[in-house]
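Chemist:
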Amino acid sequence: MRCVSGCVSAAVADFLSGLADKEFAPRRAELLRHAHGRVLEIGAGTGFNARHYPSAVDELVLTEPGGALLARAQHRAAAAGRHVEAIEAPAEALPFEDRSFDAVVSTLVLCSVRNQDAALAEVRRVLRTDGSFLFIEHVRADEPRRARWQDRLERPWSVVAMGCHPNRPTLERIEAAGFVLDELRHGELPKSLPIIRPLITGRAHVDDGSAERDEC
Ligand SMILES: C[S@@+](CC[C@H](N)C(=O)[O-])C[C@H]1O[C@@H](n2cnc3c(N)ncnc32)[C@H](O)[C@@H]1O
């Protein structure tokens with residue numbers, strides 16, 4: 002029974018992600034061209050990023066807390082000619098060694114993880130000191146009026162959108178987790194409701210304290 006409901010949810014998630022794929026695909030491609038070497042994608046969903054990884058990526062590891070989504074992601078990656086290792090794990094507890102990836106990718110995931118700070122601490126832990134955190138996330142609005150609507154609608158939205166929280170100040174949390182931004186762009190999630198429209202796309206590296214050391 003659990004398998005049936007997991008497979009149905011995976012099919013629904015796949016269908017919903019596919020709705021705006023045409024408009025969203027260029028953003029995925031633009032972000033992922035910065036990936037190289039050994040790459041980890043958290044919350045890979047049904048694998049819509051897979052076809053956008055450049056050939057400079059030698060090893061791609063996809064993670065997801067749910068096996069049904071992961072199976073679809075693996076299938077989609079294979080169809081794009083991309084070999085992946087698929088591992089069932091939540092972003093809050095990544096089963097990998099410290100500093101073992103050149104890049105970690107998160108697209109539309111940090112809105113849904115149970116514990117954002119724990120997930121970001123794990124991303125930081127598994128990234129090499131010269132590695133990149135590549136992200137596209139929908140976030141809390143800067144305009145107070147829209148942010149108030151995000152707060153009001155958080156609960157019902159979370160129920161219909163499989164645990165997505167529209168009002169998270171994700172950029173603040175990324176910086177608080179010890180990342181330094183290399184690039185940041187604000188935009189809008191295409192074909193979406195106003196409460197999930199504010200979008201950030203960025204690249205960041207782990208703050209290893211070298212900037213302060215340089216100042217001394
Ligand atoms: C909107 S989907 C985005 C999927 C995919 N990243 C993409 O860009 O198409 C949100 C994803 O976050 C995943 N997710 C939810 N909780 C998670 C957690 N604790 N750790 C990792 N991923 C999680 C969901 O299973 C789902 O695949």
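Following this note's numbering, the numbering of the sequence shown begins with 2 at its first residue and continues without gaps. Quick reminder that beta carbons are idealized off the backbone N, C-alpha and C, glycines included.
What distance in whole Å lies between the Cβ atoms of residue 109 and residue 137, which are believed to be in contact at a cut-off of 8 Å?
Modeler: Under the criterion of beta carbons closer than 8 Å, residue 137 and residue 109 qualify as touching, at roughly 7 Å.
Chemist: Considering only residues of the segment 123-194, which uninterrupted beta strand (DSSP E) runs meet the minimum length of 3 residues and lie entirely inside it, listed in chain order?
Modeler: 128-139 and 180-189
Chemist: Could you tell me which uninterrupted beta strand (DSSP E) segments, each at least 3 residues in length, are contained entirely in the segment 65-126, listed from first to last along the chain?
Modeler: 86-89 and 102-108
Chemist: For residue 169, is the classification buried or exposed, using 16 other Cβ atoms within 10 angstroms of its Cβ as the cut-off for buried?
Modeler: Classification of residue 169: buried, given that the 10 Å Cβ count is 16 or more.
Chemist: Give me the Cα-Cα distance between residue 2 and residue 98, rounded to the nearest whole angstrom.
Modeler: Bear in mind that a pLDDT of 49 at residue 2, under 50, signals an unreliable position, so the model cannot answer this.
Chemist: According to DSSP, is residue 43 helix, strand or coil?
Modeler: DSSP, read as helix, strand or coil, puts residue 43 in coil.
Chemist: Using the DSSP secondary-structure output, state which residues sit across from residue 204 in a beta bridge.
Modeler: Beta-bridge pairing links residue 204 to 135 and 184.
Chemist: Is residue 70 near ligand 1 - that is, is its Cβ less than 8 Å away from at least one heavy atom of it?
Modeler: yes
Chemist: Could you check where the alpha helix (DSSP H) with residue 27 kicks off and where it finishes?
Modeler: 22-33
Chemist: Tell me which residues share the same chain as residue 105 and place their Cβ nearer than 6 Å to its Cβ, disregarding the 5 neighbours each side in the sequence.
Modeler: 41, 124, 128 and 134
Chemist: For residue 38, name the three-state secondary structure that DSSP assigns.
Modeler: strand
Chemist: Three-state secondary structure (DSSP) at residue 15?
Modeler: helix
Chemist: Can you give the Cα-Cα distance for residue 34 and residue 28, rounded to whole angstroms?
Modeler: About 10 Å.
Chemist: Just mark residue 57 as buried or exposed, buried being the case when its beta carbon has 16 or more other beta carbons within 10 Å.
Modeler: Answer is exposed; the Cβ neighbour count stays below 16.
Chemist: State the CB to CB distance for the pair residue 82 and residue 59, rounded to an integer number of angstroms; the pair is presumed to be in contact (CB under 8 Å).
Modeler: At roughly 15 Å, the Cβ-Cβ gap does not stay under 8 Å, so residue 82 and residue 59 are not in contact.
Chemist: Which one or two residues does DSSP pair with residue 55 in a beta bridge?
Modeler: Checking the DSSP bridge columns, you'll see residue 55 has no partner listed.
Chemist: For residue 107, is the classification buried or exposed, using 16 other Cβ atoms within 10 angstroms of its Cβ as the cut-off for buried?
Modeler: buried
Chemist: Near residue 101, which residues of its chain fall below 6 Å by C-beta distance, leaving aside the five closest residues on each side in sequence?
Modeler: 127
Chemist: So residue 147 and residue 96 are in contact, right, with Cβ under 8 Å, and what is the actual spacing, rounded?
Modeler: No, residue 147 and residue 96 are not in contact; Cβ-Cβ is about 38 Å, not under 8 Å.
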